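K.L.:
My questions all concern the structure below.
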Amino acid sequence: MMSVGRRKTAILLPLALLLANLLNMVGIVVLPKIIDPSQFALFSLASSSGLFLIAVLYEWNRITIMRYSVAVDPGETIRRRSALLRANIVTSIILLISGVISYYVSENRYALVFSMACFFAVSQAMFEARQAFFRADFLDKRYAASLVSRALLGFCLLCLVGYIWNNALLVMCAWAASFAAILILTPSRLGASALQPTDWKTFKFLLKFGGGVAISAIASTLLSPLVRLLASEVISLSDSGKLMLAMDISQKIIGVIGVGISVLTLQATFRAHEFGEHDVVRQRVEMQSIVVFSTILPAVVGFVAVEKHFTSIFVPEVYRDVFLPNIAWCMASAGLIGFRTFALDSIFIVIGRPYVGLVGPGITAVFTIISAFALISLEGVSATSFSKALCLGGVAGLVASFVAARRLCKFRLDLPNLWRTTIAAIAMFTLIQFVRFENTIVDMAASIAAGALVYCAILLASNAFGSHKLLRLALARLKRGNVT
């Protein structure tokens, strides 16, 4: 039975994730208002490149921490954690040296972007590694405190430095410093993860698993910086910055949902697989797929329904000529890629077959690049060629990952709840079209409220996810609480 402490942290964790990601999202919305489009393009390119470096050099370590840092044998736990921590430290030293050399040796703008990306990658990756240890040990209070503190500090530094200097390099340094500061100033108390003499047999075992994770992560994250680089070369840097804003906002919204669900659910799935509870693993995989679908679909549909209101309120006018024609395509592609990543590709990590996870990201990248050049030849050079190509690539990659996941893990599709969710999302979109107020802010707020209400009402009325039973249990618990 779940203890009172665990129930409290079960509430604390999603609240912390919501607050931290809200601050990150607000930062991305505010930043274009205080720096020029060309500077925002450099910042966006550096951040996406930094995330790619994290995928190449660190993501295998973070996932391996979550998957294997807790073993049945306590001695093996210590050996695994020591090897993973040492690998992160060595990688960070090499990357920091590379960033410094790049900054001082070349004046090319891409050398500047690379040096910015290195500092950002090291600081975020080391912070996320410690967060992964917290989650592996279910230290949710420490995880939540570090997460919110970092997000708050990052938001303040981002706005302050951007407003004063209007310089992408300084903004990125401030953003990266927020990760480093919280990592240094807050205690970790990881205990078993302290450095011990390296056990090479253990390290080889972890690296064999991590290699597949790394290759899959590279394939997943390569697409975003690659599309941005192509866009900055094919269209003007200013217009590419406007396109990148649409990509950033859409990816951030879907990322908030997907990462939140993964943080809340995947660690227990990893633990169940490590201890041989295979029926539990299958049930949790089925649950995760439908939960991801039922949250990403209304987010995409709802945002597209209010995109004009969002643009007029939050997006500076200088960005709108490119942002508005592309945001719906970017949002749809982010939803497709997000569902593939968080509902399907995570299955390969759980069952220890990360190399198979290459299928979806690889096909997504190939189809996106081919589609981009095809659309440019058919429609001419424009930002929408890239956003449409992302959509086409997202569909192809989703189908490929679904086929591969079903072959390796015989999970069932929850078709009844899938259809209920789809119908509810369509009804939500339709209702929002009839919400009309003269004030744009009121109109958007009312549209969101009405859409959320009808979506939840249809799910409840159709007993989606056993909502009637859940409601009865909640009411019974509330009644007992009032009595006692």
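Positions 58 to 541 (the working numbering) are the ones given, in order, by the sequence shown. Even glycine gets a Cβ: it sits at the ideal position worked out from N, Cα and C. If you're wondering where the values come from, they're calculated on a predicted model, not measured in any experiment.
Under a three-way DSSP split, which group does valine 129 fall into?
P.N.:
If you number the sequence shown from 1, residue 129 lands on position 72. Three-state DSSP puts valine 129 in coil, outside helix and strand.
K.L.:
Compute the distance between the beta-carbons of phenylalanine 486 and alanine 362, then report whether it is under 8 Å.
P.N.:
The residue you call residue 486 lines up with position 429 of the sequence shown. The residue you call residue 362 lines up with position 305 of the sequence shown. For phenylalanine 486 and alanine 362, yes; Cβs fall inside 8 Å.
K.L.:
On the three-state DSSP scale, how would you describe glutamate 164?
P.N.:
Looking up residue 164 in the sequence shown gives position 107. Coil at glutamate 164, not helix or strand.
K.L.:
Alpha carbon to alpha carbon, how far is asparagine 520 from leucine 80?
P.N.:
The residue given as residue 520 occupies position 463 in the sequence shown. The residue given as residue 80 occupies position 23 in the sequence shown. Near 34 Å, if we compare the C-alpha coordinates of leucine 80 and asparagine 520.
K.L.:
Quick check: glycine 419 and alanine 276, are their CB atoms within less than 8 Å of each other?
P.N.:
For the purposes of this step, residue 419 is identified with residue 362 of the sequence shown, where counting begins at 1. For the purposes of this step, residue 276 is identified with residue 219 of the sequence shown, where counting begins at 1. In contact: glycine 419 and alanine 276 (Cβ atoms closer than 8 Å).
K.L.:
Which residues in the same chain have their Cβ closer than 6 Å to the Cβ of alanine 271, if we skip the five residues on either side of it in sequence?
P.N.:
Numbered from its first residue, the sequence shown carries residue 271 at position 214. Only Trp117 meet the Cβ criterion.
K.L.:
Using only CA atoms, which one of Val157, Tyr412, Lys299 lies nearest to serine 439?
P.N.:
Start at 1 with the first residue of the sequence shown, and residue 439 comes out as number 382. Nearest of Val157, Tyr412, Lys299 to serine 439, Cα basis: Lys299.
K.L.:
Look at threonine 352 and isoleucine 314 and say whether their C-beta atoms are less than 8 Å apart.
P.N.:
Counted from its first residue, the sequence shown places residue 352 at position 295. Counted from its first residue, the sequence shown places residue 314 at position 257. Going by C-beta atoms, threonine 352 is nearer than 8 Å to isoleucine 314.
K.L.:
Run through DSSP, which three-state label would aspartate 256 get?
P.N.:
Position 199 of the sequence shown holds residue 256. If DSSP states are grouped into helix, strand and coil, aspartate 256 belongs with coil.
K.L.:
Which ranges would you report for the beta strand (DSSP E) in the stretch 444–497 if only whole runs of at least 3 residues count?
P.N.:
Runs found: none.
K.L.:
Hey, phenylalanine 38 and threonine 278 are a contact pair by Cβ (cut 8 Å); roughly how many whole angstroms apart?
P.N.:
Because residue 38 is not part of the residues shown, which for the chain are 58 to 541, the question remains open.
K.L.:
With DSSP collapsed to three states, give me the class of glycine 409.
P.N.:
As a working mapping, residue 409 is identified with position 352 in the sequence shown. In this structure, glycine 409 counts as coil in the three-state DSSP scheme.
K.L.:
By DSSP, does serine 155 sit in helix, in strand, or in coil?
P.N.:
For the purposes of this step, residue 155 is identified with residue 98 of the sequence shown, where counting begins at 1. Helix, per DSSP.
K.L.:
Less than 8 Å between the CB atoms is what I'm expecting for tyrosine 550 and serine 149, so what's the real figure, rounded?
P.N.:
This structure cannot settle anything about residue 550, because the visible part of the chain is limited to 58 through 541.
K.L.:
With a threshold of 8 Å, are at least 3 pairs of Cβ atoms found where one atom belongs to the stretch 195–208 and the other to the stretch 138–156?
P.N.:
Touching, no.
K.L.:
Quick one: Cα of valine 157 to Cα of cysteine 175, how far?
P.N.:
Locating residue 157 in the sequence shown gives position 100, counting from the first residue. Locating residue 175 in the sequence shown gives position 118, counting from the first residue. Each residue's Cα considered, the two are about 9 Å apart.
K.L.:
Are the CB atoms of arginine 464 and glutamate 343 within a distance shorter than 8 Å?
P.N.:
For the purposes of this step, residue 343 is taken as residue 286 along the sequence shown, with counting starting at 1. For the purposes of this step, residue 464 is taken as residue 407 along the sequence shown, with counting starting at 1. Cβ atoms of glutamate 343 and arginine 464: not closer than 8 Å.
K.L.:
Suppose you measure from the CA of leucine 88 to the CA of tyrosine 220; what does that come to, to the nearest Å?
P.N.:
Working through the sequence shown from its first residue, we reach residue 88 at position 31. Working through the sequence shown from its first residue, we reach residue 220 at position 163. Whole-angstrom Cα-Cα distance: 8 Å.
K.L.:
Does the beta-carbon of threonine 478 have 16 or more other beta-carbons within 10 angstroms, so that it is buried, or is it exposed?
P.N.:
Within the sequence shown, residue 478 is the residue found at index 421, counting from 1. So threonine 478 ends up on the buried side.
K.L.:
Whose CA, out of Met501, Arg136, Phe443, lies closest to the CA of phenylalanine 260?
P.N.:
By 1-based counting over the sequence shown, the position of residue 260 is 203. When only C-alpha atoms are compared, the closest one is Arg136.
K.L.:
Can you say whether serine 104 is buried or exposed, counting buried as having 16 or more other CB atoms within 10 angstroms of its CB?
P.N.:
Taking the sequence shown and counting its residues from 1, the one referred to as residue 104 is at position 47. When all chains shown are included, serine 104 counts as buried.
K.L.:
Which runs of the alpha helix (DSSP H) at least 4 residues long sit entirely within the stretch 345–380? Give them in chain order.
P.N.:
List check, alpha helix (DSSP H) in window: 364–371.
K.L.:
Using the three-state DSSP reduction, which class does leucine 196 fall into: helix, strand or coil?
P.N.:
Taking the first residue of the sequence shown as position 1, residue 196 is located at position 139. DSSP places leucine 196 in coil when its eight states are reduced to three.
K.L.:
Short check: CB of serine 235 to CB of leucine 214, under 8 Å?
P.N.:
Position 178 of the sequence shown, counted from the first residue, corresponds to residue 235. Position 157 of the sequence shown, counted from the first residue, corresponds to residue 214. Contact flag set, yes.
K.L.:
Look at the alpha carbon of alanine 457 and the alpha carbon of valine 83, and state the distance between them as a whole number of angstroms.
P.N.:
Within the sequence shown, numbered from 1, the residue matching residue 457 stands at position 400. Within the sequence shown, numbered from 1, the residue matching residue 83 stands at position 26. Looking at the two C-alpha atoms, the distance is approximately 34 Å.
K.L.:
To the nearest angstrom, how far is the alpha carbon of tyrosine 376 from that of isoleucine 306?
P.N.:
Along the sequence shown, one-based indexing puts residue 376 at 319. Along the sequence shown, one-based indexing puts residue 306 at 249. When rounded, the distance between both Cα atoms is 13 Å.
K.L.:
I need the boundaries of the alpha helix (DSSP H) containing proline 244, first residue and last residue.
P.N.:
Taking the sequence shown and counting its residues from 1, the one referred to as residue 244 is at position 187. No alpha helix (DSSP H) contains proline 244, which DSSP labels as neither H nor E.
K.L.:
Alpha carbon to alpha carbon, how far is alanine 462 from phenylalanine 424? Give it in angstroms, no decimals.
P.N.:
In the sequence shown, counting from the first residue as 1, residue 424 sits at position 367. In the sequence shown, counting from the first residue as 1, residue 462 sits at position 405. Each residue's Cα considered, the two are about 20 Å apart.
K.L.:
Mind the definition here: the stretch 363–372 touches the stretch 426–433 only if three or more C-beta pairs lie below 8 Å; say whether that holds.
P.N.:
With a cut-off of 8 Å, the stretch 426–433 and the stretch 363–372 do not count as touching, because too few Cβ pairs lie within range.
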